[in-house]
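When we follow this note's numbering, the leftmost residue of the sequence shown carries the number 1, and every step to the right adds one.
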Amino acid sequence: MINSKLFKFQASHTRFTLIFTSLMYVVCNAFNFDKIAKWFYLGDTLDYVALLAYLTLGLSLFITFFAIFAHRWSIKPLAILLIILSAAATYFVSKYNVAIDTSMIMNIVHTDPTEVSSLLSTQMIPYVIFLIILPIFIVINTTITFDKPFAYLFSSIKLGTLAFVIGLALLYLNSNSILRAGNISQKYIIHSLVPVNYIRSIITNISNTIAPVYAGIKKKAEFSGSVSAEDDLIVVLAIGETSRQKNFNLYGYDRKTTNPVLSKVNDLHVLNGIARLASTLYALPEILEKNDVKLTRITSTLGIDTFCYVNYTLYDNCTSVGEIKAENCKHGGKCYDEDVVPLLEGNLESYNSGSRFIVLHLGGGSHGPLYNNRHPPEFQQFSPMCSDADVINKCTVEELYNSYDNTILYVDYVLGEIISKLDNSGAPYVFIYLSDHGESLLEDGVIFHGMPPGISLPPEQAQVPLIIKSSVPISLTKRDEYTQQDVYDSVLELLSIKVDIFENKGSFIKLDEHDKSPGVASGIYAKCTSSSPNSSQPNNCG
Ligand SMILES: [Zn+2]
1 MINSKLFKFQ ASHTRFTLIF TSLMYVVCNA FNFDKIAKWF YLGDTLDYVA
51 LLAYLTLGLS LFITFFAIFA HRWSIKPLAI LLIILSAAAT YFVSKYNVAI
101 DTSMIMNIVH TDPTEVSSLL STQMIPYVIF LIILPIFIVI NTTITFDKPF
151 AYLFSSIKLG TLAFVIGLAL LYLNSNSILR AGNISQKYII HSLVPVNYIR
201 SIITNISNTI APVYAGIKKK AEFSGSVSAE DDLIVVLAIG ETSRQKNFNL
251 YGYDRKTTNP VLSKVNDLHV LNGIARLAST LYALPEILEK NDVKLTRITS
301 TLGIDTFCYV NYTLYDNCTS VGEIKAENCK HGGKCYDEDV VPLLEGNLES
351 YNSGSRFIVL HLGGGSHGPL YNNRHPPEFQ QFSPMCSDAD VINKCTVEEL
401 YNSYDNTILY VDYVLGEIIS KLDNSGAPYV FIYLSDHGES LLEDGVIFHG
451 MPPGISLPPE QAQVPLIIKS SVPISLTKRD EYTQQDVYDS VLELLSIKVD
501 IFENKGSFIK LDEHDKSPGV ASGIYAKCTS SSPNSSQPNN CG
């Protein structure tokens, strides 16, 4: 008989929260420590500071989560549920190296009993005893004391907030190293960190389920607008991915010939585009949304035929007309950015007159860490390349640049194809290309893209290509830099659209035939004649 008194514990709810979360976190992640630590190596040296900061960040978030939901009646059931889920997650990460992400959680939700039984094994027994039965026994036998309602709530809030602030501070102080490890591991450092991995995935799944319902309830921002002139014009807005100015010959790059096609295109306007946010999810609305109103919603609502053709996705930035994905792709079914071109071509065939707005999402672009996944094999022209996601430890800077340059070479090809289709169609068009954000390639030790909120982007991530070509006479406003919101305004201006909730103040492109902005002082718009496509000056127009 076990003397049950030996297993009787008592703790205040804050002490229990701290001890329970810390113990569970340390024990579960000790099993998979090497799987996380290996992404924090710089050469042969383990970046202990960054690793420790990352692990403490995970624990801080876990403590905050637990403090929010652990109350008098929920604390023990929650602890027991977390014990079971964490043991399962630890086992599967440890034995099968699985990444526990949103899709994994969806698979678990939809799994059937046969699949479950096929995963059971005798190897699980020690995990069940030491990570489930023993901890649950201890939790059940612990008397958790609570202060009076307000006092205990206050101490919960204090603990949760303190943990959160510590976590946030560690993230900001070590953002470079943590983001680098996250990118190189393709988020595996998150997907293997128990219980952050499954809690995050469950929350994402729940929010994905709720989002459409919420969108239905949420009142859309009201606007009214008008189209003042019915020009025959197609505005094509091509949005790139992770391409930066620095590696375009058009912007003065001379290490490799990355723009053999665009360099030969006449009358190309090469401008200094500036991105503000370096995550696709947040950068796309910088281009396609203003004051909560999507650009495609305005154009389609005002009767302009609007289309979105995508490789990857524009997320919810084109829901008013729906996005059409590239399919039946040439390279054995694997789609690349060039596969949106036939969709554009088909669209142009149906064009007779009037105005039209076409968004092309070139979502493959130059996204790492496996740059060569973003273009067909025939564009692997600069070698040796870096073909390992661990670009810092497995590749030289030259290999990294070669790989990245191959993606720019491919962007050059795709943009050339788009411009050539537009020219061949004979349709009156204005074509705008810009990237969602740039990329760091080890400048100042920074790699890939993404910065915590509030920290400005390094130039390599901020300076994005912004390239304009038109078959009709246009004038461009001369500026040192052009923001993504300026592009939004310019599209409205080109389509002669005015809305009541904001002005197109940032617009910098104007059709020459008629002056739609009588309020604008003459001389602000300088006529763009042919600009040298080889110029190293981004602002060679205007
Ligand atoms: Zn992006």
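Glycine is no exception: its CB is placed at the ideal position from the N, C-alpha and C atoms. Here the structure is a predicted model, which is why all the values come from computation and not from measurement.
The stretch 327-342 makes contact with the stretch 409-416: 3 or more CB pairs, one atom from each, lie closer than 8 angstroms. Taken through DSSP and simplified to helix, strand or coil, D412 comes out as helix. Of the other Cβ atoms in all chains shown, 16 or more fall within 10 Å of the Cβ of W39; this residue is therefore buried. Taking the Cα positions, F66 is about 24 angstroms away from S175. Between ligand 1 and E460, a heavy atom-to-CB distance of less than 7 angstroms is absent.
Nearest to G363 by C-alpha distance, out of D388, C308, Y401 and L400, is C308. When C-beta atoms of the stretch 371-380 are compared with those of the stretch 184-192, fewer than three pairs fall below 8 angstroms, so the two segments do not count as touching. Shown here, K256 sits in coil according to DSSP, grouped into three states, outside any helix or strand. In the three-state reduction of the DSSP assignment, C308 falls in the strand class, which pools E and B.
Under the 10 Å beta carbon count, H437 is surrounded by 16 or more other beta carbons and is classified as buried.
If you look at Y488, you'll find it in the alpha helix (DSSP H) that goes Q484 to L494.
Nearest Cα to R200 within the set S320, R356 and A89: A89. In this structure, G240 lies near G365, with their beta-carbon atoms less than 8 angstroms apart. The beta carbons of F164 and T64 sit about 4 angstroms from each other, so the pair counts as a contact at 8 angstroms. For L233, the enclosing beta strand (DSSP E) begins and ends at L233 to G240. Under a 10 Å Cβ-count criterion, F150 is classified as exposed, with fewer than 16 other Cβ atoms of the shown protein chains found around its own Cβ. Judged by the Cβ position, D316 fails to qualify as a neighbour of ligand 1 at the 7 angstroms threshold, every heavy atom of the ligand being at least this far. For T242, the shortest separation between its Cβ and any heavy atom of ligand 1 lies below 7 angstroms. Nearest to F137 by alpha-carbon distance, out of L422, P428, T102 and I83, is I83. With respect to the 8 angstroms criterion, L511 and V472 are classified as neighbours on the basis of their beta carbons. When secondary structure is reduced to three states using DSSP, K246 falls in the helix class. Judged by their CB atoms, N272 and Y482 are nearer to each other than the 8 angstroms cut-off. Setting aside the 5 residues that flank it on each side, D231 is surrounded in the same chain by S355, S496 and L511, each with a C-beta closer than 7 angstroms to its C-beta; the list follows chain order. Around the beta-carbon of G454, fewer than 16 other beta-carbon atoms lie within 10 Å, marking it exposed. Between E286 and Q485, the gap from beta carbon to beta carbon is short of 8 angstroms. In the DSSP annotation of this structure, A229 is not part of any alpha helix (DSSP H), being labelled neither H nor E. The straight-line gap separating the alpha-carbon atoms of V270 and M106 is approximately 45 angstroms.
Annotated as proximal: L193 and N29, with beta-carbon spacing under 8 angstroms. Across the set L250, V139, N291 and D405, the C-alpha of V139 shows the shortest separation from the C-alpha of T17.
Remark: the C-beta of D486 is outside contact range of ligand 1, defined as less than 7 angstroms to any heavy atom.
Of the heavy atoms belonging to ligand 1, at least one sits nearer than 7 angstroms to the Cβ of A283.
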